[in-house]
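Chemist:
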Amino acid sequence: MGKRKRKVAEPAEYLTPLFDAHTHLASCGAKTPEEVAALMDRAAAAGVVGVCTVGDGMPETELAFTAAQSHPRVWAAVAIHPTRAAELDDAAKARLAEMAADPRVVAIGETGLDWYWLDSLDGCASKEEQLAALEWHKDLAASVGKPLMIHNRDADVDLMAALDGYEGTAILHCFSSPIEVARQALERGYILSFTGNVTFKRNEDLRQAVAEAPAGQLLVETDAPYMTAEPFRGARNEPTFIGWQARAMAEARGIPAEEMARMLADNAARVYGIEL
Ligand SMILES: [Zn+2]
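The numbering used here puts the first residue of the sequence shown at 3, with every later residue one more than the last.
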């Protein structure tokens with residue numbers, strides 16, 4: 003019971019069709035089918051027509067998988083998060099491969115490289131473990147023909163090297179790299195997915211990347227419960243609040259919000275191979 007009252011987020015003005023390309027429903031508190039349905043109802047009231055939910059370790063990935071089975075507007079991505087790459091043992095690999103083949107699983111992620119937490123997070127997987135796990139997830143994505151969903155923190159150079167020559171679709175989730183990296187990624191055909199950080203004042207590079215990107219290479223996401231957009235930065239996030247970043251992206255491209263939402267939803271449907 004702190005003295006400071008925590009900011010509570012509110013949805014942006016109704017906008018549809020919005021598809022949240024990367025969120026963590028379980029971490030938002032929606033673990034049972036009833037909780038998932040209640041959260042999706044709140045999101046629908048703000049214009050959200052679907053979400054792709056993601057885990058970190060195996061328990062959360064199992065919850066993401068279950069949520070996707072239980073709700074018609076929820077799909078899942080499966081993987082072990084890079085900071086937990088050491089957990090990718092034979093049992094985890096077998097189970098992930100099994101889930102990856104399921105039609106409700108639309109991407110392999112989040113995998114990738116996280117150099118930010120290497121020394122500061124207890125038990126964070128080493129560089130070698132993360133690189134090996136990324137290779138394994140790349141092979142899995144290629145074998146099931148689904149997109150690779152990449153987490154990258156402070157690892158631009160090594161990530162681009164690791165992905166060099168990869169032929170499948172790659173989504174750079176929570177894109178937050180400099181404009182030069184955005185240009186290189188777009189050149190390679192990668193999809194850039196933006197969270198609430200595209201609304202942060204200092205992130206002019208991200209809005210520039212949104213403006214420059216070919217229409218088919220953009221997605222919007224919350225990464226909830228983190229990364230809440232302005233004006234509610236720091237508050238707890240959920241898919242309901244995705245309209246803020248979709249509207250910021252429309253502004254960055256100089257197009258109407260409705261057109262932006264439609265473009266982003268069409269991209270999600272195409273990239274994830276689903277009907278919305
Ligand atoms: Zn995430």
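For glycine and all other residues, C-beta sits at the position ideal for the given N, C-alpha and C. Since the structure is predicted, the reported quantities are computational estimates derived from the model, not experimental observations.
#1: Give me the Cβ distance between Phe-177 and Phe-202, rounded to the nearest whole Å; I'm assuming they're in contact under 8 Å.
#2: Thinking just about the alpha-carbon of each residue, which of Asn-239, Ile-173, Ala-252 is nearest to the one in Ala-23?
#3: Looking only at DSSP bridge pairs, what is Arg-155 linked to?
#4: For a test of the three-state rule: what should DSSP assign to Met-3, helix, strand or coil?
#5: Here's the rule I'm using: 16 or more other beta-carbon atoms within 10 Å means buried, otherwise exposed. How should Met-3 be labelled?
#6: What three-state label does DSSP hand Asp-91 in the structure shown?
#7: First and last residue of the alpha helix (DSSP H) that includes Val-146?
#8: Could you check whether the Cβ of Asp-268 sits closer than 8 Å to any heavy atom belonging to ligand 1?
#9: Select from Pro-241, Ala-94, Glu-130, Pro-35 the residue whose C-alpha is nearest the C-alpha of Glu-12.
#10: Three Cβ pairs or more, each shorter than 8 Å: is that satisfied between the stretch 81-89 and the stretch 65-73?
#11: Give me every residue whose Cβ sits closer than 6 Å to any heavy atom of ligand 1, in chain order.
#12: Could you name the residues of the same chain whose beta carbon sits closer than 6 Å to that of Ala-144, not counting the 5 residues immediately before and after it, in chain order?
#13: Take the Cβ of Ala-270 as the centre, count every other Cβ of all protein chains shown within 10 Å, and call the residue buried at 16 or more, exposed below.
Modeler: Reading from the atomic positions:
#1: As a first step, residue 177 must be located in the sequence shown, where it is residue number 175. As a first step, residue 202 must be located in the sequence shown, where it is residue number 200. So it is not a contact: roughly 13 Å between Cβ atoms.
#2: Numbered from 1 along the sequence shown, position 21 holds the residue referred to as residue 23. Ala-23 has its Cα closest to that of Ile-173, out of Asn-239, Ile-173, Ala-252.
#3: Translated into the one-based positions of the sequence shown, residue 155 becomes position 153. Paired residue(s): Asp-116.
#4: Position 1 of the sequence shown holds residue 3. Reliability fails at Met-3, whose pLDDT of 46 lies under 50, so the model's placement of it is uncertain and no value is given.
#5: One-based indexing of the sequence shown puts residue 3 at position 1. Note on Met-3: pLDDT 46, under 50, position unreliable in the model; no value is reported.
#6: Counting from one through the sequence shown, the residue named residue 91 turns up at place 89. Three-state result, Asp-91: coil.
#7: Taking the first residue of the sequence shown as 1, we reach residue 146 at position 144. Counted as a single uninterrupted DSSP element, the alpha helix (DSSP H) harbouring Val-146 occupies residues 129-146.
#8: Numbered from its first residue, the sequence shown carries residue 268 at position 266. Incorrect: Asp-268 has no Cβ contact closer than 8 Å to ligand 1.
#9: The sequence position of residue 12 within the sequence shown is 10, counting from 1. Of Pro-241, Ala-94, Glu-130, Pro-35, the smallest CA-CA separation from Glu-12 is found for Pro-241.
#10: The stretch 81-89 vs the stretch 65-73: no contact.
#11: Cβ atoms closer than 6 Å to ligand 1 belong to His-24, His-26, Val-56, Glu-112, Asp-225.
#12: What you label residue 144 is simply residue 142 of the sequence shown in a count that begins at 1. Spatial neighbours of Ala-144 in its own chain (CB-CB distance under 6 Å, excluding positions within 5 residues in sequence) are listed in chain order as Gly-170.
#13: Taking the sequence shown and counting its residues from 1, one reaches residue 270 at position 268. Classification of Ala-270: buried, given that the 10 Å Cβ count is 16 or more.
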